[in-house]
Amino acid sequence: KCHGVSGSCTLRTCWRALSDFRRTGDYLRRRYDGAVQVTATQDGANFTAARQGYRRATRTDLVYFDNSPDYCVLDKAAGSLGTAGRVCSKTSKGTDGCEIMCC
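Last residue of the sequence shown: 118 (the working numbering), numbering continuous.
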């Protein structure tokens, strides 16, 4: 933003702004959905695709070693109460909706 007499712009003020929260969330979800499972090489210096025939991870890919726990069932070690047997809302698109909650 410019400041000054009659718009002379003798002083400029700049600031950074966060991008749209939804856009950031959508980007992260795409990265999560495209993540590549890997295993460490024997020397521990690198990693390779966990399954033969799967694509190799690129430098910008999100990678993971272990599958996520099954949050549908009770798992005290993971701190999950599970969703099996819980009542869901047929009309909700949120976390209480049947599409998301039910397994």
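Even for Gly, the Cβ is constructed at its ideal location relative to N, Cα and C.
Counting every other CB atom within 10 Å of its CB across the protein chains shown gives Val88 a total below 16, marking it as exposed.
Rounded to whole angstroms, the gap between the alpha carbons of Ile115 and Val20 is 57 angstroms. A direct Cα-to-Cα measurement between Asp41 and Asp35 gives close to 10 angstroms. When C-alpha distances from Thr110 are compared across Cys17, Thr54, Tyr86, the shortest belongs to Tyr86. Under the 10 Å beta carbon count, Val102 is surrounded by fewer than 16 other beta carbons and is classified as exposed. Sequence-distant Cβ neighbours of Asp76 in its own chain, meaning closer than 6 angstroms and more than five residues away, are Val51. For Phe36, the enclosing alpha helix (DSSP H) stretches over residues 36-48.
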